[in-house]
Structures are given as structure tokens and as C-alpha cells.
Amino acid sequence: MSGVAPGSRGEVGLFVTCLVDLMRPSIAFAAIRLLESAGYSVVVPDSQTCCGQPGYNSGDSEAARALARKMIAEFESFPYVVAPSGSCAGTVKVHYADLFADDPAWRARAEALAAKTFELTQFLTDVAGVSAVPGRFSGSVTYHDCCSGLRELGVKAQPRALLDSMPGVRRIEMRDCEECCGFGGLFSVKYPDISGAIVQRKCESIRGSGAYAVALGDLGCMMNIEGRLRRSGDALTEVIHIAELLAGPDGEGG
Amino acid sequence: MDIRSMHFVERVRERLDDDELQRNLKRTRGRNAASRAAAVAAFSDFDAVRQRATEIRRSVLRDLDVWLERFEAKATERGATVLWARDGEHACELIADIAKRHGVRTVVKSKSMVSEEAGLNAALEAAGVRPVETDLGEYILQINDNEPPSHIIMPVIHKSKEQVSELFARVHGTPPKTDIEALTHEARAVLRPEFLGADMGLSGGNFLIAETGSVAIVTNEGNGRLCTTLPRVHVALTGIEKVIPTLEDLSTLLRILPRSATGQALTNYVSMLTGPKHAGDPDGPEHMYFVLVDGGRADLLGSEFEDMLRCIRCGACMNHCPVYQTVGGHAYGWVYPGPMGSVLTPLYQGLEKAKDLPHAATLCNQCGVVCPVSIPLPELMRRLREKQVERGLRPWSERLALRAWAWVAGRPKLYALATRIGVRYLRWLADGRDRIQVMGLAPGWTAQRDFPAPAAKTFRELHAERLRAKSRGGAR
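Protein chains in written order, with the numbering used here: chain A, 1 to 254; chain B, 1 to 476.
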């Protein structure tokens with residue numbers, strides 16, 4: 001893979017996701033490094049914002065449809081669309097078509113976009129055939145399966161295979177790695193007590209694994225887990241997005 | 001049963017603060033899920049059977065009226081009487097009438113969730129008939145001042161054996177004991193004379209078989225068989241959606257129901273009951289009735305919620321639900337808890353009476369994955385959320401926030417500006433630390449966890465800076 005010239009394998013449209021744009025730009029830069037080192041040139045459409053998932057999950061389909069149309073128009077010209085998030089990729093891949101059940105023209109465009117949209121590790125493994133990554137991480141890592149990536153897209157083996165390709169990583173499975181962390185988007189704000197109790201169990205599973213770091217593929221879940229670990233006095237367990245772990249440090253800073 | 005789902009948030013808080021309940025939940029958490037996983041792993045054909053089971057239930061719902069009529073004709077031919085109940089209240093009236101007609105004073109009951117829906121026990125008592133629950137879990141709840149069940153197949157899963165011991169000692173006036181076998185023997189000693197003396201047995205029904213006019217009952221304790229064979233009268237009370245065409249279909253569904261529920265390949269008892277005792281039969285009731293309840297089911301046919309009627313009441317969804325496993329079944333406030341309850345309660349009792357339930361889920365889809373008849377539970381909850389939005393049942397602040405977000409996100413320049421300001425505001429809140437501990441905008445979040453501080457600039461800003469630097473570098 002490191003022998004592949006950047007851009008030689010064509011273009012990828014990167015959907016940064018609103019949360020990464022706002023909170024952790026380093027995740028998107030890591031995704032760019034990974035895609036470039038796999039031989040793709042990465043284009044980041046400037047007008048992109050949000051895929052519409054908050055409205056969709058809250059039952060405001062009208063609002064979700066407006067953002068879905070915008071997203072489709074922005075990304076449908078790319079041969080591939082990649083997002084460093086299972087839940088945002090899942091919204092496009094699994095739910096967009098339902099939003100346009102009564103609108104054949106848009107439904108067709110939604111389905112076409114869905115077919116070429118991928119979660120990052122899914123794309124790297126299943127499409128790009130990546131078997132080595134630029135990151136150099138040393139230590140034990142446990143992987144938390146975020147719900148949408150796992151159960152909507154089948155992301156399970158891909159991040160593990162990529163982690164296992166890193167010589168310094170010792171991968172440990174935590175107990176109940178497929179159990180939800182209790183984030184659930186607005187659920188975490190509407191029902192904080194329940195969400196807090198669920199994430200507490202997740203934190204106990206992570207600590208119980210004895211791993212130095214927990215890696216995962218969705219920033220929402222990551223903020224939930226990291227926030228709870230820190231609140232409960234754990235300042236040590238590193239919580240790291242899979243993209244950053246695989247890509248290694250950003251040479252350009254920022 | 002009265003509905004209390006509108007007080008979901010308060011009920012959740014009480015249950016999270018209930019140390020004893022939390023200990024009990026912790027003890028059983030994951031146990032059923034592990035049993036199911038082992039059963040599925042040992043069964044090479046599971047996915048294929050799941051698909052067949054789904055298709056059986058789906059196709060029966062397409063022509064439910066036809067199958068129900070066929071069932072009625074066959075059951076009548078075999079000497080049973082089939083009665084149709086509009087709702088739970090109507091079912092109670094019909095059963096009270098049957099009791100009166102046959103001079104019934106005591107009814108022994110095996111487990112029936114439709115009886116809970118209808119509030120049958122209270123109705124029978126009002127009619128001067130004494131109901132006795134004979135499923136061990138249901139019996140425990142009945143003698144504990146008619147406490148409602150917290151799970152559809154393990155009604156008393158929220159209690160410890162110590163709590164049951166204390167209850168038995170108090171109600172039975174016996175010395176306390178915590179050996180489960182001894183407790184079971186004690187209940188058995190109380191219940192045995194009730195079986196022998198009862199005038200009527202009431203059962204639920206896991207499936208109604210159209211080609212034979214039979215009801216199939218799946219149990220582990222054997223009480224179902226005693227209830228349906230010893231008393232003079234047997235009433236099978238269940239929902240109209242439970243009909244399936246053939247015995248062949250039953251065998252498919254029986255392969256998947258216990259595995260999904262408790263991880264058993266087969267339950268201890270599977271009873272098939274067809275009509276009253278015929279000439280030459282050694283046992284069985286003299287009279288057999290079916291009371292088949294609509295109670296909101298027919299309205300779901302042909303609707304976007306029809307998938308829910310496939311449910312075979314295995315409880316796998318709640319056994320795998322992170323929310324149910326955290327708060328227990330009583331928090332949901334009506335008969336059916338967990339994901340299936342969060343869909344059924346608003347549909348049967350009214351959207352406005354259970355506003356929280358469709359939202360009380362992370363949409364993690366663990367329930368949808370394990371459902372033996374492929375009900376897309378998270379999608380149904382989402383559609384209920386849609387109905388709430390359409391009917392203006394969500395708080396104005398939530399609707400406004402979502403609309404504002406969508407409006408801004410639809411305008412990239414404004415969005416870029418808003419996120420720039422947002423990031424700087426959060427940085428100001430963080431005040432140089434890497435996390436925020438109190439945040440007025442989302443107090444719920446920071447009540448439970450810190451909010452990690454954002455990076456200094458948005459990706460959009462940083463990316464533009466890098467592109468500019470690159471093009472300068474390229475021009476040089």
C-alpha cells in the first residue's frame with residue numbers, strides 16, 4: 001500500500017461529519033492521511049454540513065429530507081464517499097432511500113449514493129484492500145463496536161484487522177464489546193440518568209479489559225465514553241478514534 | 001391494567017435509586033442473552049428458520065380475517081365456543097358472563113399477558129369470582145398485593161429469592177426459607193388444592209392453529225396443563241394476531257420461540273388443546289371457550305406498524321435492551337416493557353399516554369437483530385417519533401432546536417459562521433481545560449459526564465488554511 005502513489009486509485013469524497021468538523025478536526029485529517037496513503041486523492045466538498053441524522057432519528061423527516069437532498073447533490077459525483085463515522089455513513093447507506101419512499105427520482109439518487117458510501121475502516125479494508133497503515137502505536141487497545149457501524153453496516157472485522165496489522169498494538173477484547181454505550185444521540189441529553197448508567201457499565205468493561213486505550217469509530221460514542229471516564233476519575237485510559245490510531249500523528253499539526 | 005407510562009422519567013429515577021432493584025438487575029443482566037446466544041450457536045439452521053418464521057407471521061397477517069374465520073370454523077366444529085372481544089374491557093365482560101353461566105367461584109390462571117392488558121383479575125373479583133395465578137412468578141406477584149409483572153415471560157425477574165422468602169413467610173405464615181426448591185414446594189402445596197377445586201381454568205395462547213382449531217401453550221412449570229385439563233371450564237384468552245395456518249407452521253415457530261426466549265431447545269411442556277372433552281376422553285374440560293381480543297390490533301393491519309403484529313412474545317428484545325436492563329420493566333408503566341412495549345404501549349393506549357417510550361431507546365438495534373420474527377423495532381420507534389412530531393406532541397423547545405439546526409445546516413456559509421462561534425464559545429466555557437463540567441445548553445449531558453472541549457478551530461477553518469498554505473507553496 002505504501003507503494004501506491006497518492007491519487008493513483010481515483011478520487012474519494014470525504015464526508016467529515018458535523019461532529020468531527022466542530023469538535024475533533026484531527027479525526028478528519030487522519031482519515032485524509034489514511035485514504036491518501038491507500039492511493040486515493042481526497043476531496044472535501046466545502047459546502048457539506050450535516051447528514052440529517054438528528055432530525056431523522058427524532059421523527060422530523062421533513063428536516064432530514066432537506067439535508068439529505070443537499071448531501072446527495074454534494075456527493076453524488078464522487079466514485080466513493082467515505083465518512084469517519086458508522087452512524088453518519090449508516091444514515092446515508094441504510095436510511096436515505098426510506099426518506100424518499102414517495103419520490104422515485106430522489107430515491108434513485110439516494111440509492112446510488114448509498115451504494116458507494118462507506119464507513120472509513122470498511123472502505124480501507126473491503127474496497128481499498130489495505131493491509132498496512134501508517135500509524136505507529138505501541139500498547140494494548142480494546143475496540144468498542146459502535147451500534148450503527150456494527151449493526152447497520154457490519155463493521156466488525158475491518159477495524160480489528162487494521163489494528164492487528166500494526167506491530168505495536170496488542171488487541172484485547174473487552175466484555176460485551178457490542179453493547180451500546182448509551183449515547184444514542186439526543187437520547188443522552190433527554191434521558192441522562194439512563195444514559196449515564198449505561199455508559200458507566202461500558203466504562204467498567206473498558207477498565208476491566210486492562211487495555212491502555214479504547215478505540216472506536218464514532219465521535220459521539222467517543223465523547224460519551226471519554227466524558228464518563230474522566231468524570232468518574234479515570235484520567236489515564238486513552239479514548240482514541242480509530243482513524244487517528246491507524247493514521248498516526250499529523251505531520252502538519254493543528 | 002391502568003397505564004402509568006406518562007410518568008416514565010420519574011419512574012426511571014425511582015428505579016435507578018432503588019439499590020435492591022439495581023442489585024437484582026445486575027444479577028440477571030445478560031443471563032438470558034447468553035443462553036440465547038448459546039442456543040443459536042448450537043443450531044446451525046437458525047437464520048433460515050428465522051426467515052421462515054418471519055414469513056409465516058407476515059403472510060398470516062396479510063389475510064388475518066380469513067385465517068381467523070377458518071380457525072373459528074374449525075374450533076367450533078371441535079365443540080369450542082369462539083368469542084370476539086373488541087378490547088380488554090369487553091373480554092372481561094365475556095369471561096365474567098362465562099363464569100356466571102357455569103357457576104364459577106374460583107378460576108386458576110396460567111400466564112396470559114392479554115389478561116394483564118384487560119385487567120382481568122380485578123374484573124373477576126368485582127364479579128365475585130376468585131382468580132388464582134398459578135404460574136410461580138405470577139403467583140408471587142398476586143400475593144404481593146397484585147404487583148404488575150416486569151417481564152413478559154419472567155414476570156418476577158426483578159425480585160431476589162430473599163424478597164420472595166420474606167413475602168412467603170409473611171403471606172403463608174411459614175418460617176422463612178431461601179432455598180429455591182423449598183420455596184417452590186411451598187407454593188406448590190398452596191396451589192395444588194386450588195387446581196383440584198377450581199371451576200374454571202384460564203390460559204393464554206402462544207399460537208392459535210387454524211387448520212385444527214387448537215391453541216398451543218408453551219410453558220415450563222406444568223401449571224398450564226393443570227389449568228386447562230382439571231377444571232370443568234377452560235377459557236383461552238389471547239390476541240387475534242396469534243393465529244397461524246398449520247401445525248407445520250407451529251413446528252417452525254416452536255423451534256425459534258424457546259431458543260429466543262430462554263435459550264431452551266424446547267420448553268418443558270408444549271400443550272395443544274383442541275375442543276372440550278369428547279366421549280371416551282379420560283380428561284379435559286366439559287366446556288371450552290376462546291376469547292380473542294382486538295384491543296387495537298386490527299387498527300395496525302395494513303398500517304406502517306403492521307410488522308409489530310408478528311411478535312410472538314419471546315422477550316428477546318428486552319433481554320438484549322440496554323435501557324430495559326438498566327431500569328427494569330416497571331419503569332415502562334404498562335403491561336409490555338422494553339422495545340416491544342415501547343412500540344405497543346403507544347399504539348394500544350394512545351400516543352399521548354406514552355410520549356417518552358418511543359424515545360426511551362438508543363436505537364442501538366440489538367433488539368431488531370435478535371427478534372425471531374425480524375420486527376424492525378428501532379424503525380417502528382422512529383416512526384412513532386414521526387407521528388408525535390406530526391401531531392405536535394413533542395416539546396416546542398425540541399422542535400425549535402431541530403428545525404433551527406436543519407435551517408442553519410442547510411446554509412453552508414451561515415453554518416460555517418455558527419460553528420466558528422460555537423467552537424469559540426465552548427473553548428471559553430472550558431477555560432483552558434480539556435473538558436467542560438457544567439454546560440447550560442445540555443445540562444443533562446454534564447450531569448452524568450464531562451463534555452470534552454473542542455479543538456481551537458473547526459475542521460473547515462483548518463482545512464481551508466492548509467489548502468491556502470499549499471497553494472502558496474505550489475506558487476513559489
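For glycine and all other residues, C-beta sits at the position ideal for the given N, C-alpha and C.
In this text the structure is predicted, and so the values were computed from the model without any measurement.
- Within the region 37 to 53 of chain A, the residues whose Cβ lies closer than 8 Å to any Cβ of chain B are, in chain order, V44, D46, S47, Q48, T49, C50 and G52.
- Proximity of chain B to V130/A at the Cβ level (cut-off 7 Å) is not reached, the minimal Cβ distance being about 23 Å.
- V81/A is outside the set of residues whose beta carbon lies under 8 Å from a beta carbon in chain B.
- Within chain A, the residues F187, K190, Y191 and I194 have their CB atoms less than 9 Å from the CB of A360/B, given in chain order.
- Remark: three or more beta-carbon pairs, one from each stretch, lie closer than 8 Å, so the region 168 to 188 of chain A and the region 209 to 227 of chain A are flagged as touching.
- Residue range H287 to V293 is occupied by the beta strand (DSSP E) that includes F290/B.
- Within chain B, the residues placing a beta-carbon under 7 Å from that of S61/A are E386, ordered along the chain.
- The C-beta distance from L124/A to L162/A rounds to 6 Å, short enough to meet the 8 Å contact threshold.
- For G55/A, the residues of chain B that pass the 8 Å Cβ criterion are L402, W405 and A406, in the order they occur in the chain.
- Contact annotation: I244/B and I375/B have beta-carbon atoms that are not nearer than 8 Å.
- In the same chain as S37/A, and ignoring 5 residues on each side of it, the C-beta atoms closer than 6 Å to its own belong to P134, in chain order.
- Against A66/A, the close residues of chain B are A406 and G410, in the order they occur along the chain (beta-carbon pairs closer than 8 Å).
- Secondary structure note for Y139/B: it is in no beta strand (DSSP E), and the uninterrupted alpha helix (DSSP H) holding it is L136 to I143.
- DSSP links T238/B through a beta bridge to L292/B.
- R259/B and D299/B have their C-alpha atoms spaced approximately 30 Å apart.
- Contact between M340/B and H151/B is absent: CB atoms are separated by about 11 Å, not below the 8 Å threshold.
- Residues of the same chain with a CB within less than 6 Å of the CB of E147/B, apart from the 5 flanking positions on each side, are L141 in chain order.
- Take S214/B, set aside five residues on each side of it, and the residues of its chain with a beta-carbon closer than 7 Å to its own are M272, L273 and T274, in chain order.
- Comparing alpha carbon positions, the residue from D249/B, D179/B and D145/B closest to R170/B is D145/B.
- Secondary structure within the region 199 to 231 of chain B: the beta strand (DSSP E) runs of 3 or more consecutive residues, fully enclosed, are 200 to 203, 207 to 209 and 214 to 219 (chain order).
- With a threshold of 16 other beta carbon atoms within 10 Å, L237/B meets it and is buried.
- G88/B is positioned such that its CB atom lies no closer than 8 Å to that of V235/B.
- For D21/A, the chain B residues whose Cβ falls inside 7 Å of its Cβ are T419, T458, F459 and R460, in order along the chain.
- Check the Cα spacing between P155/B and each of E138/B, E166/B, Y332/B and T262/B: the tightest is with E138/B.
- Fewer than three pairs of CB atoms, one per stretch, sit closer than 8 Å, so the region 334 to 350 of chain B makes no contact with the region 402 to 420 of chain B.
- Chain B has a Cβ within less than 8 Å of the Cβ of S58/A.
- Taking C-beta separations shorter than 6 Å and ignoring five residues to either side along the sequence, the partners of F195/B in its chain run V108, L226 and L230, following chain order.
- Interface annotation, C147/A: in contact with chain B, CB-CB separation under 8 Å.
- Identification of residues in the region 305 to 336 of chain B having a C-beta nearer than 8 Å to some C-beta of chain A yields P322, V323, T326 and V327, given in sequence order.
- Within chain A, the residues placing a beta-carbon under 7 Å from that of R382/B are N57 and G59, ordered along the chain.
- Between E204/A and the set F15/A, D176/A, C221/A and L186/A, the nearest pair of CA atoms involves D176/A.
- Residue-level contact check: R13/B touches chain A, since one or more beta carbons of chain A fall below 8 Å from its beta carbon.
- Following the DSSP letters along the chain, one finds M308/B in no beta strand (DSSP E), marked with neither H nor E.
- In the structure shown, the three-state DSSP call for E390/B is helix.
- Shown here for V270/B: same chain residues with a beta carbon closer than 6 Å to its own, the five before and five after excluded, namely V218 in chain order.
- By the criterion of a C-beta distance shorter than 8 Å, Q388/B is surrounded in its chain by L351, K355, P358 and R394, once the five residues flanking it on both sides are discounted.
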